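Here is the structure we will look at.
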Amino acid sequence: MHQQLSEYTSLSTEDHQRRLSDELDDPYYDQEDIELETIFENDHSIVEQHPDHEHLIRSTPDEEEQGNEDQENSPYAEVRAAVPITDEMSRVNHWRTWALTLVFVALFSAVNQFFSLRYPSLGIGFIVAQLVSYPVGSFLSSVFPNRNPFPQSFRDKYPGLTAWFDLNPGPFSIKEHAVITIAVSLTASSAYAMNVLLAQTNFYLKEYSLLYEILLVVTTQMLGYGFAGLTRRWVVYPAAMIWPDTLVSTTLFTTIHKSQSHTPANGWTVSRYRFFAYAAGISFIWYWVPGFLFTGLSYFSFLCWIFPKNRVVNQLFGFISGLGILPITFDWTQVTQAGGSPLATPWWVTANIIGSVGLFFWIIVPILYYTNTWYSKYLPVLSTSTFDNRGKPYDISRILTSGFSLNEEAYKEYSPLLIPFSYIMSYGLNFAAVIAIFVHSILYNGKDFYHKLIDASHGGEDIHKKMMNKYREVPDSWYFCLFLLVMGLSVFLITVYDTQLPLWGLLLAVSITAINFIPQGLLEGITNQHVGLNIITELIAGYLFPGKPFANLMVKLYGFIPMRQGLDFSRDLKLAQYMKVPPVLLFWIQIVSTLVAAFVNVGLQRWMRANIPNVCDIHQENGFICAGGRTIFNASIIWGVVGPQRMFSPGAMYHPIMWFFLVGAIVPVGTYYLHNKYPHRWFGHLNAPVFFSGPASIPPATGANYGAFALVGFVFNFVIRKKWAPWWRKYNYILSGSLDTGVALSTIVIFIAVSWTGGRLSWWGNNVWKNTLDYISASYYTVKDGETFGPSSW
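Read left to right, the sequence shown gives residues 6 to 799 (our numbering).
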């Protein structure tokens, strides 16, 4: 163990103090850890007195799996626990990699696109591809002969070219496996633009050409790739950019491919592979209980069961339309619905999130709701719907002309647009977050940004980046050219086709992505969280292009989706760095995979619109109601036709929510001041962007989802990580992957075997949570027939 401290003892006093100073600014280190590191450096024997903090040394859960214990490793325990410091020198650029990648991309994008139009939908995540591709690849490597179709003389003359066609390039490697998984994770789903196309074609009833649809999908999916490549020095390369979500995948890769150790971890000797198999099997079997047999265990709001007609109880403790103050659930999908896996999210991040939920949704919202602020007691406390002044869902058709513009007289005769208080609160928090992320980045990361702008290697290189230096890197010029090409296609699209968006509007939308990319990348790379730009882009477009719903759609599409896709690509670049995938290969794989997925998405959706009777009708017999397209259509009407002027401008009822912009600017200054004044206190863990953006999934998520997320995160990433560090290092991330795997496979089986065939199980355990006011989204006040509420003029 003393040898494992060699990294510390080899540092000069100046270097050691500088490193400890950096750690004071790093939220992944707490003060007790930093103080103990200083003690360890001066007295190695004291390590034995602090076994709860042995995660501080640069060791790994299974040193024989990771490499020599004296070898340099990541400074972060999370990465050391999940990523090996080895590089399997296997060939990866050959026909089998490309064939399997494109087949899986096409298959998964087709399945996900097909079910995206259906409600309830079925989404098959990339973790299924990660599991299924392994036996398929291993099977191909075992049955194909070790031959090459070219004659020997040609192979001798062009060895590199002909090697690509080797029928059996060797055993299915961990790098091949990683390439397939990365490509599927980024591309093999229904693109956001597909729902925009549904809104345009099936709800606005405007037809576009095949070329328009393909260009819309390709440009919005690929525009962000250029930003991802050009910002690697800030959001991918640094060791501090952990991208915690990737650690589950890296652990699963090494569990499947590497030899397994039985080194004891707090008495547990089971290998990671067996642990994964056992946990995934239990997860698969168990999910049948909350997922089908006893769904009340998923929505375990037992107080609502006891008091089903008590409005306050249902609004405070409900799982559907309540605030979920008592978060009890036995369903892993409920735990992960709001913030992803709590096992992959650092505890200090989870603490910021649950603190925000507690303050805003468990304290402020109830106070303002029950004092009837903005007539809120006439509406559900939590809902994604908008309402009229009779307490009914807002009937947008009553205020539209035949050309989908606003009928002013009908609007004044009908009703103002009324929004549930939790929904308004989520708007305010988003407004605060989009400002806080800039102020936070300038204060905390401004100097580092400048130095890395001048010198990409500033601050030194992470061990995993050093190991990648043997591979040819993709130059910035490639990403810049890709950006220019896709940007040119975007300009062509909005100028040739009727999108209501002028060229300057497109440039503005892309600028929103550009100025947000690095701050958002820094946030997500460290915390697993991001700030959604969908609301702010709708707000901006609503003010700039009033009465133009298509322009509103386009600003949101080009101002938000390129950033989201680009950050997903940044995450995959980090995963590729961890798995030592050659960058040039990944660059081309991602581009080709995106094109394949786009053609599959567009082609399949056009076929479905032409061949499925009454597709997108709310009463479509097989459930193909196009819920995503319908939501986007409604949002475009609210923001593009009714407009934010009538909701948020001075004099409008919801105008005070705009003060959250100022709050978002002030809070990061306060946390920065406290952190610098009291550097040895817990203030360094306060993160304003996470605090404001954490509850972003409310609604439709509830406080119960966040509470369960926080409870699991506290147990594993605080208690177990502190008390049983070896167990945490060895099993934490593989447990997260196994739970996700079991649930994903079980969901598919339940959907195909039961839901798709119309099967249902009706009994008390599946109905008790539905026989409540929570289930029907009841408001506190009920409006009688013929009565109205709300402002007298609008």
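All C-beta atoms in this analysis are idealised placements derived from N, C-alpha and C, irrespective of residue type, glycine included. These figures come from a predicted structure and were not determined experimentally.
Could you have a look at residue i and say whether DSSP puts it in helix, strand or coil?
i, result
"ALA270", "strand"
"LEU10", "Confidence at LEU10 is low in this model, with a pLDDT of 35, below 50, so its placement is unreliable and the value that follows should be read with caution. Three-state DSSP puts LEU10 in a helix."
"PHE335", "coil"
"PHE409", "coil"
"PRO684", "coil"
"PRO673", "helix"
"TRP612", "helix"
"PHE592", "helix"
"LEU423", "strand"
"PRO249", "coil"
"PHE392", "strand"
"PRO351", "coil"
"PRO551", "coil"
"VAL398", "Residue 398 is actually Pro in this sequence, not Val. It is a strand residue."
"ASN207", "helix"
"GLN135", "helix"
"SER784", "coil"
Take residue i and list the residues in its own chain whose beta-carbon comes closer than 7 Å to its own, dropping the five residues that flank it on each side.
i, result
"LYS801", "Outside the displayed span of the chain (6 to 799) sits residue 801, for which this structure offers no information."
"MET658", "TRP379 and PRO796"
"VAL294", "LEU302"
"PRO524", "ILE442, PHE443 and SER446"
"GLY708", "LEU328, GLY329, ILE330, PRO332, VAL362, PHE366 and TRP367"
"ASN606", "SER114, GLN118, SER195, ALA196, MET199 and VAL222"
Could you pull out every residue in the same chain whose Cβ sits closer than 6 Å to the Cβ of residue i, ignoring the five residues on either side in sequence?
i, result
"PHE149", "LEU172 and ASN173"
"ASN692", "ASN357"
"ALA670", "ILE440 and VAL444"
"GLY396", "TYR383 and VAL788"
"TRP799", "PRO421"
"LEU750", "PHE289"
"THR599", "THR192, GLN226 and MET227"
"PHE3", "Since the displayed the chain opens at 6 and closes at 799, residue 3 lies outside it and no answer follows."
"PRO176", "SER146"
Tell whether a beta-carbon distance below 8 Å holds between residue i and residue j.
i, j, result
"TYR476", "PRO332", "no"
"LEU538", "GLY564", "yes"
"PHE335", "SER743", "no"
"VAL586", "VAL241", "no"
"SER495", "LEU558", "no"
"ILE517", "LEU506", "no"
"SER346", "VAL253", "yes"
"ILE429", "TYR419", "no"
"ILE617", "PHE629", "yes"
"THR106", "ALA188", "yes"
"TYR197", "PHE574", "no"
"SER214", "ASP577", "no"
"PHE5", "LEU373", "It is not possible to answer for residue 5, since the shown part of the chain is limited to 6 through 799."
"PHE794", "ASN450", "no"
"SER698", "VAL536", "yes"
"ILE247", "GLY530", "yes"
"VAL601", "VAL110", "yes"
"TRP239", "LYS457", "yes"
"ASP779", "SER326", "yes"
Between which two residues does the alpha helix (DSSP H) carrying residue i extend?
i, result
"SER427", "426 to 459"
"LEU112", "100 to 121"
"GLY231", "215 to 235"
"ASP577", "554 to 584"
"VAL386", "From DSSP, VAL386 is part of no alpha helix (DSSP H); its letter is neither H nor E."
"MET2", "Coverage of the chain is limited to positions 6 through 799, which leaves residue 2 absent and any answer about it impossible."
"TRP509", "508 to 532"
"SER482", "481 to 501"
"LEU373", "370 to 375"
"ASN627", "Taken as a continuous stretch (DSSP letters only), ASN627 belongs to no alpha helix (DSSP H), as it is neither H nor E."
"TRP769", "769 to 772"
"ALA82", "82 to 87"
Can you list, in chain order, the residues of its chain with a C-beta nearer than 8 Å to that of residue i? Leave out the 5 residues immediately preceding and following it.
i, result
"PRO398", "SER390, THR391 and PHE392"
"MET473", "GLN582, LYS585 and PRO588"
"GLU70", "The predicted position of GLU70 is uncertain, since its pLDDT is 46 and thus under 50; a value taken from the coordinates is nonetheless stated next. So the qualifying residues of the chain are PRO89, THR259, LYS263, SER264, GLN265 and SER266."
Under 8 Å, Cβ to Cβ, is there at least one residue of chain B near residue i?
i, result
"THR391", "This model lacks chain B altogether; it includes just one protein chain."
| task | With a floor of 4 residues, list each alpha helix (DSSP H) that falls wholly inside the region 269 to 321, ordered by position along the chain. | result | You should have 277 to 293 and 307 to 311.
| query | Which runs of the alpha helix (DSSP H) spanning at least 4 residues fall entirely within the region 640 to 667, listed in chain order? | reply | Runs found: 650 to 653.
| said: Ignoring anything shorter than 4 residues, give me the alpha helix (DSSP H) runs that lie fully in the region 696 to 744, in order along the chain. | reply: As far as the region 696 to 744 is concerned, its whole alpha helix (DSSP H) runs of at least 4 residues are 708 to 719.
| message | I'd like the ranges of any alpha helix (DSSP H) spanning at least 4 consecutive residues and lying wholly in the region 144 to 202. | response | Counting whole runs of 4 or more residues, the region 144 to 202 contains the alpha helix (DSSP H) stretches 157 to 162, 164 to 168 and 179 to 192.
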